Amino acid sequence: MKKFKCEICNKKLHINTYRARKMHINGYKHKLLKETRVMELNEDEKIKYELERNKRLFGEKYDLFFGKQNFGFRLPPYNFKQDFTIPPCPKNFKLPRYFDFTNSDNFKPDINENLQDILKKLT
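Using numbering that gives the first Met the number 0, the first residue of the sequence shown is number 0, and each one after it goes up by one.
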């Protein structure tokens with residue numbers, strides 16, 4: 000199993016699970032070392048210059064781009080039907096090699112139509 004290496008603490012965790020990583024990241028020593036690293040970076044002249052330049056460029060909108068965010072990623076509100084279930088993935092399903100994710104026409108509700116369109120494009 001791969002080991003987790005914390006670059007801030009210069010420490011290897013022998014158990015690479017989500018729980019072990021979360022416990023380490025929420026630890027007192029990790030938080031202190033993270034704060035000292037941020038303080039050291041803020042003292043660096045190049046980084047100071049970049050921060051000042053960004054403040055000048057963005058003006059009032061600086062906090063919107065670089066400020067501390069008090070919320071995480073949120074999905075837009077959506078009401079699911081009561082009988083909504085996620086269908087199981089078909090066995091041995093693979094997308095074709097040249098599937099174009101940028102084209103919205105490839106995402107039709109019926110997967111069979113999608114696959115037929117892709118086959119037409121390839122032949």
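Using N, Cα and C, we set each Cβ at its ideal position, and we do this for glycine too. Just so it is clear, the structure is predicted and the values come from calculations on it, not from any experiment.
Is any heavy atom of the ligand PLP found at a distance shorter than 6 Å from the C-beta of His13? Within the structure as shown, the ligand PLP is missing, as the structure has no ligands at all.
Using only CA atoms, which one of His23, Cys8, Ile7, Lys93 lies nearest to Ile14? Comparing Cα positions, the closest option is His23.
Backbone CA spacing between Pro86 and Arg96 [nearest angstrom]: 23 Å
Alpha carbon to alpha carbon, what distance is there between Glu112 and Ser103? Ser103 and Glu112 have their C-alpha atoms roughly 13 Å apart.
For a test of the three-state rule: what should DSSP assign to Leu94, helix, strand or coil? Leu94: coil per DSSP, three-state reduction.
For Cys5: DSSP bridge partner residues: Residue pairing for Cys5: DSSP places it in a beta bridge opposite Lys10.
Along the chain, where does the alpha helix (DSSP H) containing Asp62 start, and where does it finish? 61-65
Cutting at 8 Å between CB atoms, please list the residues of its own chain near Phe33, excluding the five before and the five after it. The residue asked about is misnamed: residue 33 is Lys in this sequence, not Phe. Excluding its 5 nearest sequence neighbours in each direction, Lys33 has C-beta neighbours in its own chain below 8 Å: Ile7, listed in chain order.
Give the DSSP-derived three-state secondary structure of Thr35 in the structure shown. helix
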